[in-house]
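For the sequence shown, position 88 (counting from the first letter as 1) is numbered 88 according to UniProt numbering, and the numbering increases by one without interruption. Don't be surprised by glycine CBs; every beta carbon is placed ideally from N, CA and C.
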Amino acid sequence: MMDISRVPFESPYFQLEQVAEGVYAAIVRGGTGAWGNAGIVDLGGETLVFDTFFTPPPAQSLREAAQTLTGRPPTYVINSHCHSDHVFGNQVFDDAVIVSTTRTYELMSERLPAMLEEVRAHPPSLEEAARDVQDPRMRRDQDLLIADYRAMEAALPTLQLRLPDLTFERRMVFHGARYKAELLTFGGGHTPSDAILHLPAIATAFTADIVQVDFHPSTDIANPDEWLDILEQVDNLALKHVIPGHGPVGTGEHVRIMR
């Protein structure tokens, strides 16, 4: 059994779970506009947020949770990769330093303005496709996806793209009175550039979509072999806790299951 406990902070967008002292996983409630999991780390003297959800309202709730749990607003925000379900809440953290890999910054700059322009001109309509889904589990997933996109459509009038302020190439270290946190990239697997946040003292990592628990992986690069190589390097970290990009909190075993 993992020593995970629920946190008495109520949000309609996510369930907060305490993984270790000062380390919290924000596991999304499906169909609310959050979509991709996030997290909060009290480094000791500074607060770090990992990813910012799909729309600003859940990101605002995440900011409030960070303030409540750590007693201070976030100093740093990590963008693990360029996908919108992990970065479209960035604008809520206007006073924080947002960090990503250099390649993720480039991908966000290249892809996301055009994506926003497209969805504003042609909001996605998934209801018709959902009518043909017969499997009840797949239908449930499709219904949640439709609800997430409806939440994004509702947020479009005020949604603004906020890009990272600071980039790194391979490794960046945050030093706090409680934790040292390593921001690492082993290359691109789920996207052309993916980053994880490793807390070596407690064998814990926020992996974003490099590791997903009880979810089928998806990729927008041509060669998944690099993803397998990345998972091998993540496995070498000998993790106790894994906070995935999608699904519940897992263990190091889920890295091997993902492979």
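*Under three-state DSSP, which class holds M1?*
Residue placement at M1 is poorly supported in this model, since its pLDDT is 45, which falls under 50; the coordinates still yield a value, given next. When secondary structure is reduced to three states using DSSP, M1 falls in the coil class, being assigned neither helix nor strand.
_Along the chain, where does the beta strand (DSSP E) containing T167 start, and where does it finish?_
Note, T167: beta strand (DSSP E), L166 to F168.
_Tell me the rounded alpha-carbon separation between V249 and E17._
When only Cα atoms are considered, V249 and E17 end up about 8 Å apart.
*Helix, strand or coil for V133 per DSSP?*
Reduced to three states, the DSSP call for V133 is coil.
*Is there contact here, the stretch 137-146 with the stretch 193-209, by at least three beta-carbon pairs under 8 Å?*
When C-beta atoms of the stretch 137-146 are compared with those of the stretch 193-209, fewer than three pairs fall below 8 Å, so the two segments do not count as touching.
*How long is the line joining the alpha carbons of P124 and A201, rounded to whole angstroms?*
Those two C-alpha atoms are separated by around 44 Å.
*Mind pulling the alpha helix (DSSP H) runs of 4 or more residues that sit fully within the stretch 92-123?*
Correct list: 102-121.
*Would you kindly work out how many angstroms separate the C-alpha atoms of R6 and A26, rounded to a whole number?*
Approximately 10 Å, taken between the alpha carbons.
*Looking only at C-alpha atoms, which of E226, E169 and G189 sits nearest to T83?*
Inspection of the sequence shows that residue 83 is occupied by His rather than by Thr. Ranking the options by Cα distance to H83, first place goes to G189.
*Note down, in chain order, each residue of its chain lying with its Cβ closer than 8 Å to the Cβ of V173, except the 5 sequence neighbours on either side.*
Hits under 8 Å: K180, A181, E182 and L183.
*CB-CB length for A66 against I40, believed under 8 Å*: Right, their Cβ atoms sit about 5 Å apart.
*To the nearest angstrom, how far is it from the Cα of A203 to the Cα of V87?*
Those two C-alpha atoms are separated by around 25 Å.
*Report all residues from its chain with a CB closer than 8 Å to the CB of T70; omit the five preceding and five following residues, and keep chain order.*
Here the set comprises G22, I40, D42 and T47.
*According to DSSP, which residues form a beta bridge with Y24?*
The partner list for Y24 (beta bridge, DSSP) reads Q18 and I40.
*Taking the C-alpha atoms as reference points, what is the distance between H254 and Q91?*
About 32 Å.
*Within 10 angstroms of its Cβ, does S100 collect 16 or more other Cβ (buried), or is it exposed?*
Residue environment: S100 is assigned as buried (16 or more neighbouring CB atoms within 10 Å of its CB, all protein chains considered).
*Kindly list the residues whose CB is nearer than 7 Å to the CB of G187, restricted to its own chain and excluding five residues on each side of it in sequence; keep chain order.*
In chain order, E226 and I230 place their CB closer than 7 Å to the CB of G187, counting only its own chain and leaving out the 5 sequence neighbours on each side.
*By Cβ distance, which residues of its chain are closer than 7 Å to G247, with the 5 residues on each side in sequence left out?*
Only Q212, V213, D214 and F215 meet the Cβ criterion.
*To the nearest angstrom, how far is it from the Cα of P12 to the Cα of P56?*
Each residue's CA atom was taken as its position, placing P12 and P56 some 13 Å apart.
_Where the alpha helix (DSSP H) containing P56 begins and where it ends_ = First-last of the alpha helix (DSSP H) with P56: P56 to T70.
*A114 versus T104: straight-line alpha-carbon distance, rounded*: Spanning the two alpha carbons is a distance of roughly 16 Å.
*With a cut-off of 8 Å on the beta carbons, I'd call residue 260 and F9 a contact; round off their distance for me.*
This structure gives no information on residue 260, because the portion of the chain shown stretches from 1 to 259.
*May I ask you to report which of helix, strand or coil DSSP gives H83?*
Residue state, collapsed to three classes: coil.
*Would you kindly report the start and end of the unbroken beta strand (DSSP E) that includes I243?*
Membership of I243 in the beta strand (DSSP E) is indicated by the continuous run H241 to P244.
*If we count the other Cβ atoms within 10 Å of its Cβ and call it buried at 16 or more, is M138 buried or exposed?*
Exposed.
*Going by DSSP, what residues sit across from I78 in a beta bridge?*
In the DSSP assignment, I78 forms a beta bridge with F50 and V99.
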